[in-house]
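Peer 1: Sharing a structure with you now.
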Amino acid sequence: MRALPRPTRTNARTWVVVLAAVFAVLQLANVTGRDTPDTKNYLSYALSLRGDSKRESAATAIDYVCAGRASAARREQSVDVNRFQAPNPTRRVTEKCRRDLWAGVDRRLRAGQTSGHIAPFTSERFMRIFEARPGYPMLLLPFVTVFGVTWGIWLSSVLVTVAGGVLAFLILRTLRAPTGVALTGQALFYVLPCGTTAMRPMTEGLLLALTLVALWGCALTLRGNRPGTGVLLVTAALVLLFAVKHSQALFLALCLAGACAVVGVRRRGRGRLPGQPLVVLGAVAGCAVAGILLAAQALHYPSESESVQDLLTDHFARPDRARPWPEFLGLEGNFWLEWLRRQFWEPLFLTSLVASAWGALKQRPAFGVFLLAAAFTGLVTHAAHPDITVYGGRLIVMAWLLPVVGLPLLLERAVRVWAPPGAVPVPRPLMHESGTHSMR
1 MRALPRPTRT NARTWVVVLA AVFAVLQLAN VTGRDTPDTK NYLSYALSLR
51 GDSKRESAAT AIDYVCAGRA SAARREQSVD VNRFQAPNPT RRVTEKCRRD
101 LWAGVDRRLR AGQTSGHIAP FTSERFMRIF EARPGYPMLL LPFVTVFGVT
151 WGIWLSSVLV TVAGGVLAFL ILRTLRAPTG VALTGQALFY VLPCGTTAMR
201 PMTEGLLLAL TLVALWGCAL TLRGNRPGTG VLLVTAALVL LFAVKHSQAL
251 FLALCLAGAC AVVGVRRRGR GRLPGQPLVV LGAVAGCAVA GILLAAQALH
301 YPSESESVQD LLTDHFARPD RARPWPEFLG LEGNFWLEWL RRQFWEPLFL
351 TSLVASAWGA LKQRPAFGVF LLAAAFTGLV THAAHPDITV YGGRLIVMAW
401 LLPVVGLPLL LERAVRVWAP PGAVPVPRPL MHESGTHSMR
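Per the UniProt record's numbering, the very first residue in the sequence shown carries number 1; after that it's consecutive.
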């Protein structure tokens, strides 16, 4: 049987653009109504960066949020079997939303809560958490200035999500996966919960994209012929992550350092040296951990204890807990038991994690360790905020990066097993080390 023709680079780029364009067009179905309770804080921050006053930024953010709520209410009513013929609720929902949000903002402005960049939607203590995250507001700033708030937020979300899919493609191609397999990874990023979450106007989209940048850097480092570029990408990703959400930067740096140690120990156990690129990558991750901790302390960012109090007091709406850590640990145990019960009830997520981990570790063992490390930051983030009511599982969304890259690698393995001889080109080994080429 004749071998299938290998797709050209031009064809691959065409399909990448086609997938991105189809995804972007589909997002026109929901231009509004994607906002979360955090959105108004980030939008107000962005507007203040361009010079809007507290009241001006609050007015724009409130209008955006209330328009989204009204749109969602109208769509929900239109399919409600008992209320679909009732009067349009848009005006009623909008007025109530504005009245409720303005009541709190006006009260706090009169009380003198005017510090920082964000309009006083909640307490100053809670706002400090968002003041420590300038990265996403800085991304929003040019978009909302040029295209307006509604279309600017939508366009920025589309571009960030599209970039995430393209990065998944680049990672798989760097791992020498076939073009079809790499395109599958791009498509999975768009259709799995990571794509839905990235489209919401909050930090998670940028966190996903930057984590993929770091993974791409790890793939390039393991590949061996461009380790300097790989280390530079990892460094840049961690620096930018610090600006977007410093806790995620810390978790990723810790996990990447651990991955370097695991791969290095494994290679030493097989009688081979870890290799300079891996050592440099581990040093960068370790230095990043120390640098993030020192920078967060120097900038007086909220501490771990403050985060625990925020969780246990419903965003400081109740008095601080006298013994927060024992309560937190008790809640932690209850949370994971309930989380596992729900996952066993609908086991798609756990099944995807297991299958993709097996595919990644079997096909690209060294990179699979780094992929598992990046995905593990989702579990760590959720463990730091054991709240079962968190909307959309957004805290654990990083774990979905494991299926995005791992399932295509599992597909690659299946294709090689079932395809006729010569129909699928065998990838060349990725890393030159101690006189041999091996990813194992």
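Just so it is clear, CB atoms sit at the ideal spot from N, CA and C, and this is done for glycine as well. If you're wondering where the values come from, they're calculated on a predicted model, not measured in any experiment.
Assign residue 35 to one of two classes, buried (16 or more other C-beta atoms within 10 Å of its C-beta) or exposed (fewer than that).
Peer 2: Classification of residue 35: buried, given that the 10 Å Cβ count is 16 or more.
Peer 1: Whole angstroms are fine: how far does the CA of residue 110 sit from the CA of residue 399?
Peer 2: If I take the Cα positions, the gap works out to 43 Å.
Peer 1: Do three or more CB pairs link the stretch 255–262 to the stretch 278–286 at distances below 8 Å?
Peer 2: Touching, yes.
Peer 1: Thinking just about the alpha-carbon of each residue, which of 82, 174, 313 and 65 is nearest to the one in residue 227?
Peer 2: It is 174 whose Cα lies nearest to the Cα of residue 227.
Peer 1: Please return the same chain residues whose Cβ sits closer than 6 Å to the Cβ of residue 380, not counting the five positions on each side in sequence.
Peer 2: 251, listed in sequence order.
Peer 1: Below 8 Å on the Cβ atoms is my guess for residue 159 versus residue 42; work out the distance and round it to an integer in Å.
Peer 2: Not really, about 16 Å apart at Cβ, beyond 8 Å.
Peer 1: Just how far apart, CA to CA, sit residue 407 and residue 150?
Peer 2: Straight-line Cα distance between these residues: approximately 35 Å.
Peer 1: Work out the CA separation of residue 127 and residue 96 for me, nearest whole Å.
Peer 2: Rounded to whole angstroms, residue 96 to residue 127 spans 23 Å at the Cα level.
Peer 1: Does the stretch 212–224 come into contact with the stretch 166–183, if we say contact requires no fewer than three beta-carbon pairs (one atom in each stretch) closer than 8 Å?
Peer 2: At 8 Å Cβ cutoff, the stretches touch.
Peer 1: Below 8 Å, how does it come out for the stretch 344–351 and the stretch 367–385: are there three or more Cβ pairs, yes or no?
Peer 2: Touching, no.
Peer 1: Buried or exposed: where does residue 314 fall if 16 or more other Cβ atoms within 10 Å of its Cβ makes it buried?
Peer 2: It counts as exposed.
Peer 1: Here's the rule: buried if 16 or more other CB atoms are within 10 angstroms of the residue's CB, otherwise exposed. What is residue 300?
Peer 2: Result: exposed.
Peer 1: Applying the 10 Å Cβ sphere with the 16-neighbour rule, what's the burial state of residue 100?
Peer 2: So residue 100 counts as exposed.
Peer 1: What is the DSSP secondary structure of residue 388, counted as helix, strand or coil?
Peer 2: Of the three classes helix, strand and coil, the one that applies to residue 388 here is coil, per DSSP.
Peer 1: Return the first residue and the last residue of the alpha helix (DSSP H) that residue 321 is part of.
Peer 2: Looking at the DSSP string, residue 321 is not in any alpha helix (DSSP H), and its letter there is neither H nor E.
Peer 1: If you reduce the DSSP assignment to three classes, tell me which class residue 261 lands in.
Peer 2: The answer is helix: DSSP assigns residue 261 an H, G or I state.
Peer 1: Answer with buried or exposed for residue 112, where buried requires no fewer than 16 other C-beta atoms within 10 angstroms of its C-beta.
Peer 2: Residue 112 should be labelled exposed.
Peer 1: Does the Cβ-Cβ distance between residue 197 and residue 22 come in under 8 Å?
Peer 2: No, the pair does not count as a contact, with Cβ atoms beyond the cut-off.
Peer 1: Please classify residue 209: does DSSP put it in a helix, a strand, or coil?
Peer 2: It is helical.
Peer 1: Counting C-beta neighbours from all protein chains within 10 Å, is the total for residue 133 16 or more, i.e. buried, or is it exposed?
Peer 2: Residue 133 comes out buried.
Peer 1: Would you be able to state if there are at least three C-beta pairs under 8 Å between the stretch 261–279 and the stretch 401–415?
Peer 2: Touching, no, given that fewer than three Cβ pairs across the two stretches are closer than 8 Å.
Peer 1: Taking the straight line between their C-alpha atoms, what separation do you get for residue 331 and residue 272?
Peer 2: Answer to the nearest angstrom: the Cα atoms are 44 Å apart.
Peer 1: In whole angstroms, what separates the C-alpha of residue 195 from that of residue 165?
Peer 2: About 8 Å.
Peer 1: Grouping DSSP H, G and I as helix and E and B as strand, with all else coil, what is residue 171?
Peer 2: Residue 171 falls in the helix class under three-state DSSP.
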